[in-house]
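Colleague: Dropping a structure here in structure tokens format, bear with me for questions.
Numbering (the working numbering), first residue to last: 618 to 1076.
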């Protein structure tokens, strides 16, 4: 007989509730793991690293540092064809883990990883660990990938009394990594000198961007005469210069590579081409019948509308293409060879000449001399300077001259500085020459005086 005060049995419902809570806890844990793990590599993501770094910096005491590890350019070249499944990438991570344990995190790139200098590890021990990482990644792989070789670069930043926080450490380590990749070093530590150079570069890039907006108002052109064997000026090489209002003259070997890296070289090249032909119109009115030789970067030459741009500038100034010579490097000729061949052919139909700059310092392939109808080979200054005293350089110049004559290509020597160099080049049959022996690069007023005077160079 039942009573009215009898309570229902809640044992089953309590157990079910505990099971549900346990499952929710497991699912929540798995969700967190998935959210905090890179799906391709299985490594904890950058956000977790930054939290740990923040805690380490706030804790203070002992050593504190960051290392950024990135697989090198050799991996970039093979990853699509030889590692589409990322098996070699994962093997590289396993190799790093054997050295660093769990102290490795995924960066924003699949081939870049982060490591934290732990408080119980000295800076010297940290360096030794990173050296082992470099050696481990460079070790030969097992078949069928035993023919694949790649390595890594490491950028390191250690905290000091002036370190303001984790973001600064990350920035310094990334800076060191970039420098290591550019200079080919395997491990590079951040230094104040590196920081100063990087800040200067960033400031110059900002100023260069400002110059782009202002139409290159602080840029100007110099003209270096090119002479024939009789010393008559038959052409000029156009050189771009940048006079910074605060820093003074910025060396070309500083702003040109920077412009190639950020793509501004296309705009600088366009400006130089327009300004040089604009100047040529005035010089032709003074009786100058030579041509201008303008350097063209691979980035500029690879523009899809390059032919239309050059034709437009020539038409705008009512000039025939024969007044223009474009200088290309050997490397530029070997990029996208079909496209380059097509552009060269189109521009040559306009009358534009082509010269290979710094011949002999790059690929030096006879094949492209046959494939590309160039007009002139420029013999690099490294062969010209001191040639009368160096038999090896003499032989190189003789070989270039023989090859050019066989292919009916003109030769132009650059960097001529002495009478002896001049005499040797004449003996070898060099067609044109330039260098300080004849004239340094000069402004347009001085160049105008040289061509109107009718004097032979050197004077």
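Cβ coordinates follow ideal geometry from the N, Cα and C atoms, glycine included.
So the candidates are 710, 705 and 776; which of them puts its Cα closest to the Cα of residue 758?
Modeller: Nearest option by C-alpha distance: 705.
Colleague: Would you call residue 898 buried or exposed, if buried means 16 or more other Cβ atoms sit within 10 Å of its Cβ?
Modeller: Counting Cβ neighbours within 10 Å, residue 898 comes out exposed, since fewer than 16 surround it.
Colleague: Taking its Cβ as the centre, do 16 or more other Cβ atoms sit within 10 Å of residue 619, making it buried, or is it exposed?
Modeller: The predicted model places residue 619 with a pLDDT of 48, which falls under 50 and marks its position as unreliable; any figure quoted below should be read in that light. With fewer than 16 Cβ atoms within 10 Å of its Cβ, residue 619 is classed as exposed.
Colleague: Kindly provide the ranges of any alpha helix (DSSP H) runs that are 4 or more residues long and lie completely inside the segment 698-768, ordered along the chain.
Modeller: If we require 4 residues or more, the alpha helix (DSSP H) runs fully inside the segment 698-768 come out as 704-717 and 740-755.
Colleague: Using CA coordinates, which residue listed in 1010, 961 and 1015 is at the minimum distance from residue 990?
Modeller: Looking at the Cα atoms, 961 is the closest of the given residues.
Colleague: Could you tell me which residues DSSP pairs with residue 944 in its beta bridges?
Modeller: Per DSSP, 912 and 972.
Colleague: According to DSSP, simplified to helix, strand and coil, what is residue 930?
Modeller: In the structure shown, residue 930 sits in a helix (DSSP, three-state: H, G or I).
Colleague: Give the secondary structure of residue 1061 by DSSP, where H, G and I count as helix, E and B as strand, and everything else as coil.
Modeller: Residue state, collapsed to three classes: helix.
Colleague: Starting from residue 1027 and walking both ways along the alpha helix (DSSP H), at which residues does that stretch end?
Modeller: Where residue 1027 is concerned, there is no enclosing alpha helix (DSSP H), although the beta strand (DSSP E) it sits in stretches over 1027-1030.
Colleague: State the DSSP-derived secondary structure class of residue 790, mapped to helix, strand or coil.
Modeller: Residue 790: helix per DSSP, three-state reduction.
Colleague: Is the segment 928-945 in contact with the segment 894-910, if contact means three or more CB pairs nearer than 8 Å?
Modeller: Judged by Cβ distances under 8 Å, the segment 928-945 makes contact with the segment 894-910, as three or more pairs qualify.
Colleague: Over what stretch of residues does the beta strand (DSSP E) that includes residue 856 continue unbroken?
Modeller: Start and end: 850-861.
Colleague: Could you check whether the Cβ of residue 942 sits closer than 8 Å to any Cβ belonging to chain B?
Modeller: Considering every chain present, this structure includes no chain B. It has just one protein chain.
Colleague: Can you grab the Cα-Cα spacing for the pair residue 833 / residue 889, in whole Å?
Modeller: Between residue 833 and residue 889, the C-alpha separation is close to 10 Å.
Colleague: So for residue 835, helix, strand or coil by DSSP?
Modeller: Note: residue 835 maps to coil in three-state DSSP.
Colleague: If contacts are defined as beta-carbon pairs under 8 Å, then residue 1034 and residue 1052 qualify, I think. What distance do you get, rounded to the angstrom?
Modeller: Their Cβ separation, rounded to whole angstroms, is 6 Å, which keeps residue 1034 and residue 1052 in contact under 8 Å.
Colleague: Less than 8 Å between the C-beta atoms of residue 841 and residue 886, yes or no?
Modeller: No, they are not a contact pair.
Colleague: Could you spell out where the alpha helix (DSSP H) holding residue 998 opens and where it closes?
Modeller: Run containing residue 998: 998-1001, per the alpha helix (DSSP H) assignment.
Colleague: In this structure, does DSSP put residue 666 in helix, strand or coil?
Modeller: Helix at residue 666.
Colleague: Reducing DSSP to helix, strand and coil, say where residue 875 ends up.
Modeller: Three-state result, residue 875: helix.
Colleague: Report the rounded CA-to-CA distance for residue 854 versus residue 874, giving the unit in angstroms.
Modeller: One C-alpha to the other measures close to 19 Å.
Colleague: I'd like to know whether the C-beta atoms of residue 685 and residue 670 end up nearer to each other than 8 Å.
Modeller: No, the pair does not count as a contact, with Cβ atoms beyond the cut-off.
Colleague: Just grab the DSSP bridge partners of residue 1053 for me.
Modeller: Residue 1053 is not bridged to any residue.
Colleague: Tell me, please, which residues DSSP counts as bridged to residue 1041.
Modeller: The partner list for residue 1041 (beta bridge, DSSP) is empty, contrary to what the question assumes.
Colleague: Would residue 772 and residue 790 qualify as a contact pair, given that the criterion is a beta-carbon distance under 8 Å?
Modeller: Result yes, Cβ atoms of residue 772 and residue 790 sit closer than 8 Å.
Colleague: Closer than 6 Å by C-beta to residue 804: which residues in its own chain qualify, once you throw out the five before and the five after it? Chain order, please.
Modeller: These residues qualify, in order along the chain: 747 and 771.
Colleague: Taking 8 Å as the cut-off, decide whether the C-beta atoms of residue 709 and residue 754 are in contact.
Modeller: Cβ atoms of residue 709 and residue 754: closer than 8 Å.
Colleague: Within its chain, find whatever has a CB closer than 7 Å to the CB of residue 765; leave out the 5 residues flanking it on each side and keep chain order.
Modeller: Answer for residue 765: 695, 699, 705 and 758, listed in chain order.
Colleague: Heavy atom of the ligand FAD less than 7 Å from the Cβ of residue 922, yes or no?
Modeller: As far as ligands go, the structure on display features none, and thus does not contain the ligand FAD.
Colleague: Give the C-beta separation of residue 1010 and residue 1019 to the nearest angstrom, bearing in mind that I take them to be a contact with Cβ-Cβ under 8 Å.
Modeller: Contact flag wrong, Cβ pair sits at about 15 Å.
Colleague: Over the uninterrupted alpha helix (DSSP H) stretch that includes residue 823, give me the two end residues.
Modeller: From DSSP, the alpha helix (DSSP H) with residue 823 extends over 809-830.
Colleague: For the alpha helix (DSSP H) containing residue 964, name the first residue and the last one.
Modeller: That run of the alpha helix (DSSP H) goes 954-966.
Colleague: Taking the continuous alpha helix (DSSP H) assigned at residue 1022, which residues delimit it?
Modeller: Here the alpha helix (DSSP H) through residue 1022 covers 1008-1023.
Colleague: Looking at the secondary structure, which residues open and close the beta strand (DSSP E) in which residue 805 lies?
Modeller: Run containing residue 805: 804-806, per the beta strand (DSSP E) assignment.
Colleague: With DSSP as the reference, identify every bridge partner of residue 840, one or two as the case may be.
Modeller: Paired residues: 855 and 1059.
Colleague: Taking buried to mean at least 16 other C-beta atoms within 10 Å of its own C-beta, is residue 945 buried or exposed?
Modeller: Residue 945 comes out buried.
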